[in-house]
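**Q**
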Amino acid sequence: MTIRLPDLRGGLRAYEPRAEPVALTPGAPLTSRTVFSAAHVVADPYADTSPDAPAAVDWDATLAFRRHLWSHGLGVAEAMDTAQRGMGLDWAGAAELIRRSAAEAKAVGGRIACGVGTDQIADGSLGEVRAAYEEQLAVVEESGAQAILMASRALCAAASGPEDYLEVYGHLLRQAGEPVVLHWLGPMFDPALEGYWGSSDLDTATDTFLEVIAAHPDKVDGIKVSLLDAAREIDIRRRLPQGVRCYTGDDFNYPELIAGDEKGFSHALLGIFDPLGPLAAEAVRVLDTGDVTGFRELLDPTVELSRHLFQAPTRFYKTGVVFLAWLAGHQSHFTMVGGLQSARSLPHFSRAYELADGLGLFPDPKQAEERMRNLLALYGVAQ
Numbered sequence: 012m013t014i015r016l017p018d019l020r021g022g023l024r025a026y027e028p029r030a031e032p033v034a035l036t037p038g039a040p041l042t043s044r045t046v047f048s049a050a051h052v053v054a055d056p057y058a059d060t061s062p063d064a065p066a067a068v069d070w071d072a073t074l075a076f077r078r079h080l081w082s083h084g085l086g087v088a089e090a091m092d093t094a095q096r097g098m099g100l101d102w103a104g105a106a107e108l109i110r111r112s113a114a115e116a117k118a119v120g121g122r123i124a125c126g127v128g129t130d131q132i133a134d135g136s137l138g139e140v141r142a143a144y145e146e147q148l149a150v151v152e153e154s155g156a157q158a159i160l161m162a163s164r165a166l167c168a169a170a171s172g173p174e175d176y177l178e179v180y181g182h183l184l185r186q187a188g189e190p191v192v193l194h195w196l197g198p199m200f201d202p203a204l205e206g207y208w209g210s211s212d213l214d215t216a217t218d219t220f221l222e223v224i225a226a227h228p229d230k231v232d233g234i235k236v237s238l239l240d241a242a243r244e245i246d247i248r249r250r251l252p253q254g255v256r257c258y259t260g261d262d263f264n265y266p267e268l269i270a271g272d273e274k275g276f277s278h279a280l281l282g283i284f285d286p287l288g289p290l291a292a293e294a295v296r297v298l299d300t301g302d303v304t305g306f307r308e309l310l311d312p313t314v315e316l317s318r319h320l321f322q323a324p325t326r327f328y329k330t331g332v333v334f335l336a337w338l339a340g341h342q343s344h345f346t347m348v349g350g351l352q353s354a355r356s357l358p359h360f361s362r363a364y365e366l367a368d369g370l371g372l373f374p375d376p377k378q379a380e381e382r383m384r385n386l387l388a389l390y391g392v393a394q
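Heads up: the sequence shown begins at 12 in our numbering, then just goes up one per residue.
1) Excluding the five sequence neighbours on either side, which residues of its own chain have a C-beta within less than 7 Å of the C-beta of Thr13, listed in chain order?
2) Strictly by DSSP, which residues pair up with Val400?
3) Can you name the start and end residues of the alpha helix (DSSP H) that Gly369 belongs to?
4) Just grab the DSSP bridge partners of Pro17 for me.
5) May I ask you to verify whether the stretch 31-49 touches the stretch 83-91, counting CB pairs closer than 8 Å and requiring at least 3?
6) Give me the Cα-Cα distance between Arg249 and Leu100, rounded to the nearest whole angstrom.
7) Which class does Val236 belong to by DSSP, given the choice of helix, strand or coil?
8) Which residue comes first and which comes last in the beta strand (DSSP E) that contains Leu160?
9) Quick one, which of Ala156, Leu184, Tyr144 and Gly138 has its alpha-carbon nearest Ala169's?
10) For Ala339 and Arg185, I'd like the C-alpha separation in whole angstroms.
11) To the nearest angstrom, how far is it from the Cα of Gly305 to the Cα of Pro266?
12) Give the list of continuous beta strand (DSSP E) stretches no shorter than 3 residues that lie fully inside the stretch 271-346.
13) If you compare alpha carbons, which of Tyr364, Arg326, Asp311 and Arg307 is closest to Phe2?
14) State the DSSP-derived secondary structure class of Ala124, mapped to helix, strand or coil.
15) Enumerate in chain order the residues of its own chain whose CB-to-CB distance from Asp175 is below 8 Å, with the five nearest sequence positions on each side excluded.
16) So which of Glu107, Pro17, Pro62 and Thr45 has the shortest CA-CA distance to Val348?
17) For Arg382, which option in Gln342, His182 and Glu205 has the closest C-alpha, if you only look at C-alpha atoms?
18) Please work out which residues of its chain come closer than 7 Å, Cβ to Cβ, to Leu19, disregarding the five sequence neighbours upstream and downstream, and give them in chain order.
19) So what does DSSP say about His79, is it helix, strand or coil?
20) Does the distance from the C-beta atom of Phe200 to that of Arg326 stay below 8 Å?
21) Please report the distance separating the alpha-carbon of Thr45 from that of Asp55.
22) Could you please give me the residues that DSSP links to Glu89 through a beta bridge?
23) Specify the secondary structure class of Tyr258 as computed by DSSP and reduced to three states.
24) So is Lys274 buried or exposed if we call it buried at 16+ other beta carbons inside 10 Å?
25) Find out if the Cβ-Cβ distance for the pair Thr313, Leu290 is shorter than 8 Å.
26) Around the C-beta of Thr215, are 16 or more other C-beta atoms found within 10 angstroms, so that it is buried, or is it exposed?
27) Whose C-alpha, out of Val223, Ala393, Leu74 and Ala142, is nearest the C-alpha of Ala118?
28) With a threshold of 7 Å on Cβ separation, who are the neighbours of Ile269 within its own chain once the five nearest residues in sequence on each side are excluded?
29) Going by beta carbon distance, what residues of the same chain come within less than 7 Å of Thr93, once the five residues before and after it are set aside?
30) Would you list the residues sitting across from Ala54 in a DSSP beta bridge?
31) Rank Tyr390, Leu386, Gly371 and Ala203 by C-alpha distance to the C-alpha of Ala34 and give the top, closest one.
32) Output needed for Ala203: all residues of its chain with C-beta closer than 7 Å, excluding positions within five of it in sequence on either side, in chain order.
33) What residues in its chain sit with their C-beta under 7 Å from that of Val150, if we drop five residues either side in the sequence?
34) According to DSSP, is Leu183 helix, strand or coil?
35) Spatial neighbours of Met98 within its chain, please: CB distance less than 8 Å, with the 5 preceding and 5 following residues excluded, ordered by chain position.
36) In angstroms with no decimal places, state the Cα-to-Cα distance between Glu315 and Phe321.
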């Protein structure tokens, strides 16, 4: 049986779905790399809400997806941009998500790190930005999770130069009870972060970023770099103080960055490891044996799907992630907080389905095909 999928030229093309998925089962813990999947949230489809109202979350389905990731040996990066922070999930919802997920991680023995930001304020003075960070840091630390200091729109707006970033981050790192992960999120993921670290010149911004780390190496477990620039990440990675890890956030070049070179490698904290979770874990287990070629053979074919999901405007990649979770059976519907299911086109969904199916990512290919047919029918595409 074939399915007719829309293409980018306004026509339809025939596609024959895969009959069997790739067989991937939970295995031994990962040893050579620390790998986090930045996980999405599942909306409550029965909630009577609107895109600008507080998020209505299906907590059972959301936590079940995290258990799925933990079962494959992955860590969960919680309440990050993949969970729609600042794009449908407000701070009140994120705080609840952090508390619930951290408790679930403790119950099942899963690793978790949670995003700390300033999204309870839209703007403010440097003092107000610092206080907002402190409030969120306290929630994460009280939950028992590791903290990820995320980039702040409010800080980007309030800061007059690099010295303000040095002051705010220095204050937070001195206050943190345990080493944190610093997250540099590029403007392709959030246009409001243009000029972060006090300069739009990336070389200057990189120097400031590294100055923050050099001043507090005992309080920085690692950094997450999300600039979609492999060469820059490698340069930053080689300049880190001893013991500070680099977690790649590059959803375009992750296989080569995780594999590394003679001078080092990146760990991973990736949104694409939400839909790729079991396959990514299997690839890292192969890498654990020292088989770099086998690792690349498993992971390299996934890059086309990742680049498709993260194509410009990159900030809407969450729509493709949730779409694939629906097709894979991790949730019963394709509804997102903030109404973000409307952020990508039908041809985009069709190509995402084709690429994911070709990789064998759907545990039940027949169910995925039926759900894709339902979506096509909803858009008026006759089969």
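C-beta atoms are modelled at their ideal positions from N, C-alpha and C, and glycine is treated no differently.
**A** In terms of the structure at hand:
1) Taking the sequence shown and counting its residues from 1, one reaches residue 13 at position 2. Correct list, in chain order: Ala25, Tyr26 and Glu27.
2) This structure gives no information on residue 400, because the portion of the chain shown stretches from 12 to 394.
3) Mapped onto the sequence shown, residue 369 falls at position 358. Gly369 -> alpha helix (DSSP H) spans Leu357 to Gly369.
4) In the sequence shown, the residue the question calls residue 17 occupies position 6. In the DSSP output, where bridge partners are listed per residue, Pro17 has Leu23.
5) yes
6) What you label residue 249 is simply residue 238 of the sequence shown in a count that begins at 1. What you label residue 100 is simply residue 89 of the sequence shown in a count that begins at 1. Whole-angstrom Cα-Cα distance: 35 Å.
7) Your numbering for residue 236 matches position 225 in the sequence shown. Val236: strand per DSSP, three-state reduction.
8) Indexing the sequence shown from 1 puts residue 160 at position 149. It spans Gln157 to Leu160 - the beta strand (DSSP E) in which Leu160 sits, taken as one unbroken run.
9) Taking the first residue of the sequence shown as 1, we reach residue 169 at position 158. Ranking Ala156, Leu184, Tyr144 and Gly138 by Cα distance to Ala169 puts Gly138 first.
10) Taking the sequence shown and counting its residues from 1, the one referred to as residue 339 is at position 328. Taking the sequence shown and counting its residues from 1, the one referred to as residue 185 is at position 174. Whole-angstrom Cα-Cα distance: 43 Å.
11) Stepping through the sequence shown from its first residue, residue 305 is reached at position 294. Stepping through the sequence shown from its first residue, residue 266 is reached at position 255. Whole-angstrom Cα-Cα distance: 11 Å.
12) 278-281
13) One cannot answer for residue 2 here, as it falls past the ends of the chain, which runs 12 to 394.
14) If you number the sequence shown from 1, residue 124 lands on position 113. If DSSP states are grouped into helix, strand and coil, Ala124 belongs with the strands.
15) Against the sequence shown, residue 175 aligns to sequence position 164. Closer than 8 Å at the Cβ level, and outside the excluded window around Asp175, lie Leu137, Leu166, Ala169 and Gly209.
16) Start at 1 with the first residue of the sequence shown, and residue 348 comes out as number 337. If we check each option's Cα against that of Val348, Pro62 comes out closest.
17) Position 371 of the sequence shown, counted from the first residue, corresponds to residue 382. Among Gln342, His182 and Glu205, the Cα nearest to that of Arg382 belongs to Gln342.
18) Position 8 of the sequence shown, counted from the start, is the residue given in the question as residue 19. If we look at Leu19 and ignore the five residues flanking it on each side, its Cβ neighbours are Pro358.
19) Within the sequence shown, numbered from 1, the residue matching residue 79 stands at position 68. In this structure, His79 counts as helix in the three-state DSSP scheme.
20) To locate residue 200, count along the sequence shown from 1; it is residue 189. To locate residue 326, count along the sequence shown from 1; it is residue 315. For Phe200 and Arg326, yes; Cβs fall inside 8 Å.
21) As a first step, residue 45 must be located in the sequence shown, where it is residue number 34. As a first step, residue 55 must be located in the sequence shown, where it is residue number 44. Between Thr45 and Asp55, the C-alpha separation is close to 32 Å.
22) As a working mapping, residue 89 is identified with position 78 in the sequence shown. Paired residues: Cys125.
23) As a working mapping, residue 258 is identified with position 247 in the sequence shown. If DSSP states are grouped into helix, strand and coil, Tyr258 belongs with the strands.
24) To locate residue 274, count along the sequence shown from 1; it is residue 263. The residue is exposed, with fewer than 16 neighbouring Cβ atoms inside 10 Å.
25) As a first step, residue 313 must be located in the sequence shown, where it is residue number 302. As a first step, residue 290 must be located in the sequence shown, where it is residue number 279. Taking 8 Å as the Cβ cut-off, Thr313 and Leu290 qualify as a contacting pair.
26) For the purposes of this step, residue 215 is identified with residue 204 of the sequence shown, where counting begins at 1. Flag for Thr215 reads exposed.
27) The sequence position of residue 118 within the sequence shown is 107, counting from 1. Here the closest residue by C-alpha is Leu74.
28) For the purposes of this step, residue 269 is taken as the residue at position 258 of the sequence shown. Here the set comprises Arg44, Thr259, Phe276, Ser277 and Ala279.
29) Along the sequence shown, read from residue 1 onward, the residue named residue 93 stands at position 82. If we look at Thr93 and ignore the five residues flanking it on each side, its Cβ neighbours are Ala49, Ala50, His51, Gly282, Asp285, Lys329 and Val332.
30) Numbered from its first residue, the sequence shown carries residue 54 at position 43. In the DSSP output, where bridge partners are listed per residue, Ala54 has Val68.
31) Taking the sequence shown and counting its residues from 1, one reaches residue 34 at position 23. Taking only the C-alpha atoms, the option nearest Ala34 is Gly371.
32) Reading the sequence shown from its first residue, position 192 is the one you call residue 203. So the qualifying residues of the chain are Arg164 and Cys167.
33) The count along the sequence shown starts at 1 and reaches residue 150 at position 139. Same-chain partners within the cutoff: Ala106 and Ile109.
34) Taking the sequence shown and counting its residues from 1, one reaches residue 183 at position 172. Leu183: helix per DSSP, three-state reduction.
35) Along the sequence shown, read from residue 1 onward, the residue named residue 98 stands at position 87. Answer for Met98: Asp92, Arg326, Lys329, Gly349 and Leu351, listed in chain order.
36) The residue labelled residue 315 in the question sits at position 304 within the sequence shown. The residue labelled residue 321 in the question sits at position 310 within the sequence shown. Near 10 Å, if we compare the C-alpha coordinates of Phe321 and Glu315.
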